[in-house]
Amino acid sequence: MIKLTEGNGVSQFRDVIKQLGYNVEVDIEYATIIAPPPALRVQVDNMKIELDGDDVIVPEHLREHTRKVSVKAVAPTTLELNRYTRVTKETESSAPASSKAFSDVFNFGSFTSGEFEITFHDTLKAGDRVAVASFGAGQRYIVLDRI
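Residue numbers (numbering that gives the first Met the number 0): 0 to 146.
As structure tokens, this is what we get:
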């Protein structure tokens, strides 16, 4: 149980960090992803039972997520595509740029800066080996990263 001390917010925050700073109940262990999110199942090495999504916290970098980025080119830059999508009123198709299905060639030219959204799709997959930290007397786990 965390005890709040008297004082301003900064001193209370400092005291909470001091109280949580040394935690002998946190263990780092290895595990295998049995089923990816959203029906997450994890098998921690040397444990007989599998953990489900209610027992495990998965950080953002291991889930599909979108980030906004700003890019500034220091020299003219040409972007090349090896895959693109052509959308018409009737159909939406996708094929490698070298495919005979499309004869178009797209050249984006150069840019000096811009804001973009990037979506990361590389989520946890069945069979991935991960490092996990257990806390709360082994009742909760957080996936730290792939190993």
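Using N, Cα and C, we set each Cβ at its ideal position, and we do this for glycine too. Remember, it's a predicted structure, so these values are computed and weren't measured experimentally.
Note the first and the last residue of the continuous beta strand (DSSP E) segment covering residue i.
{"i": "residue 27", "result": "26 to 34"}
{"i": "residue 118", "result": "112 to 119"}
{"i": "residue 144", "result": "139 to 145"}
{"i": "residue 132", "result": "128 to 134"}
{"i": "residue 64", "result": "64 to 71"}
{"i": "residue 41", "result": "40 to 43"}
Would you kindly work out how many angstroms separate the C-alpha atoms of residue i and residue j, rounded to a whole number?
{"i": "residue 34", "j": "residue 113", "result": "38 Å"}
{"i": "residue 50", "j": "residue 145", "result": "17 Å"}
{"i": "residue 68", "j": "residue 47", "result": "43 Å"}
{"i": "residue 228", "j": "residue 141", "result": "Residue 228 lies beyond the stretch modelled for the chain, which goes from 0 to 146, so this question has no answer here."}
Quick check on this structure: which residue in the options has the alpha carbon closest to the alpha carbon of residue i?
{"i": "residue 137", "options": "43, 36 and 32", "result": "43"}
{"i": "residue 127", "options": "66, 54 and 143", "result": "143"}
{"i": "residue 38", "options": "65, 53 and 47", "result": "53"}
{"i": "residue 171", "options": "140, 40 and 118", "result": "Nothing about residue 171 can be read from this structure; the chain reaches only from 0 to 146."}
{"i": "residue 115", "options": "122, 59 and 70", "result": "70"}
{"i": "residue 120", "options": "62, 135 and 55", "result": "62"}
{"i": "residue 154", "options": "122, 55 and 56", "result": "Residue 154 lies beyond the stretch modelled for the chain, which goes from 0 to 146, so this question has no answer here."}
Who are the near neighbours of residue i in its chain, counting only those whose CB is closer than 6 Å to its CB and skipping five residues on each side?
{"i": "residue 26", "result": "133"}
{"i": "residue 56", "result": "141"}
{"i": "residue 139", "result": "none"}
With a CB to CB cut of under 7 Å and the five nearest residues on each side skipped, what residues in its chain are close to residue i?
{"i": "residue 130", "result": "27, 29, 143, 144 and 146"}
With a threshold of 8 Å on Cβ separation, who are the neighbours of residue i within its own chain once the five nearest residues in sequence on each side are excluded?
{"i": "residue 31", "result": "41, 42, 44, 126, 127, 128 and 129"}
{"i": "residue 124", "result": "32 and 35"}
{"i": "residue 135", "result": "24"}
On the three-state DSSP scale, how would you describe residue i?
{"i": "residue 61", "result": "helix"}
{"i": "residue 51", "result": "strand"}
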